[in-house]
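Peer 1: For the sequence shown, the residue numbers in our numbering are 36 to 251.
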Amino acid sequence: MSVTQPKSVAGIVIPDSKIASQATELLREYGTDFIYNHSLRVFLFSALKGNREGFIYDPELLYVSSVFHDLGLTKKYSSPDKRFEVDGANAARDFLQSHGLPKEALQLVWDAIAFHTTIGIAEYKEPEVALMYSGVGLDVMGEGYEQLSTAHREEIISVFPRTDFKKKIIPTFFSGFEHKTETTFGNIKADVCAYMIPNFERKNFCDCILCSPWSE
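See the structure below:
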């Protein structure tokens, strides 16, 4: 079913090409209102930063990346054994490949989604990757909050409301990988497992070294 969206919010034009519209329909069909609003805010925050800082980026690819970035948390796209970021990245790549986009575009979107929770790497990659990472960081953790004008913040939240975001986002994350908590080893989502599971025992990198089959 087609989704009616505003043509622009906070001065940012929301892509409405065939690819963008079909991506939105997938988000609305398999995601939730909560994930939908979060994903659209991520796009707007990312685009605002890109415009403010003079980034040269592809709005359609940034939009598709934002739309798919948390779809790996949903039953439709969640695998039994991969990180949810990889599930979302794979889904986006398959989607764009079906539209005949070149390999470079497929890889760019894959990276933007797969690295969006990887601190210390994503921000140094291509503009679309770095911008979406920053958009996620702003919406989830408030990183760069002071750089967002009050007018833009209020307009975006009025169109795509947060609806108790702080209370709901951690359980939303957890619901997407509670069946495969081992995939959070070595990444920040292990913190989510520790928050949601009493006495959660994290896999330890040092133990992996010391308990390896090597004798020395």
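Glycine included, each C-beta is placed from N, C-alpha and C at the ideal position.
#1: Taking the continuous alpha helix (DSSP H) assigned at N239, which residues delimit it?
#2: Of the residues P94, C246 and S101, which one's Cα is nearest the Cα of R256?
#3: Short of 7 Å in beta carbon distance, which residues of its chain neighbour K111, apart from the five on each side in sequence? Order them along the chain.
#4: Contact check, A55 vs V99 under 8 Å by CB: the rounded distance?
#5: With three or more beta-carbon pairs closer than 8 Å as the criterion, would you say the segment 143-150 touches the segment 80-99?
#6: For the alpha helix (DSSP H) containing Y98, name the first residue and the last one.
#7: Take K215 and list the residues in its own chain whose beta-carbon comes closer than 7 Å to its own, dropping the five residues that flank it on each side.
#8: What is the DSSP secondary structure of S339, counted as helix, strand or coil?
#9: For K12, count neighbouring C-beta atoms within 10 Å of its own C-beta (all shown protein chains included) and say buried if the count is 16 or more, exposed if not.
#10: Just how far apart, CA to CA, sit A149 and H104?
#11: Straight-line CA distance for P233 to F209?
#12: Name the one or two DSSP bridge partners that S43 has.
#13: Using beta-carbon positions only, say whether N72 and F195 come within less than 8 Å of one another.
#14: Can you check which of these residues, N222, E189 and W249, is closest to N239 by C-alpha distance?
#15: State the DSSP-derived secondary structure class of R118, mapped to helix, strand or coil.
#16: Got a sec? Which residues, its chain only, sit under 8 Å from T152 by beta carbon, not counting five neighbours each side?
Peer 2: Walking through what the data contain:
#1: From DSSP, N239 is part of no alpha helix (DSSP H); its letter is neither H nor E.
#2: Residue 256 lies beyond the range of the chain shown here (36 to 251); nothing can be said about it.
#3: Y65
#4: 7 Å
#5: yes
#6: P94 to F103
#7: P115 and D116
#8: For the chain, the structure presents residues 36 to 251; residue 339 sits outside this window and is missing.
#9: Residue 12 is absent from the structure shown; the chain starts at 36 and stops at 251.
#10: 8 Å
#11: 13 Å
#12: V48
#13: yes
#14: N222
#15: coil
#16: E120, V171, N222, I223 and K224
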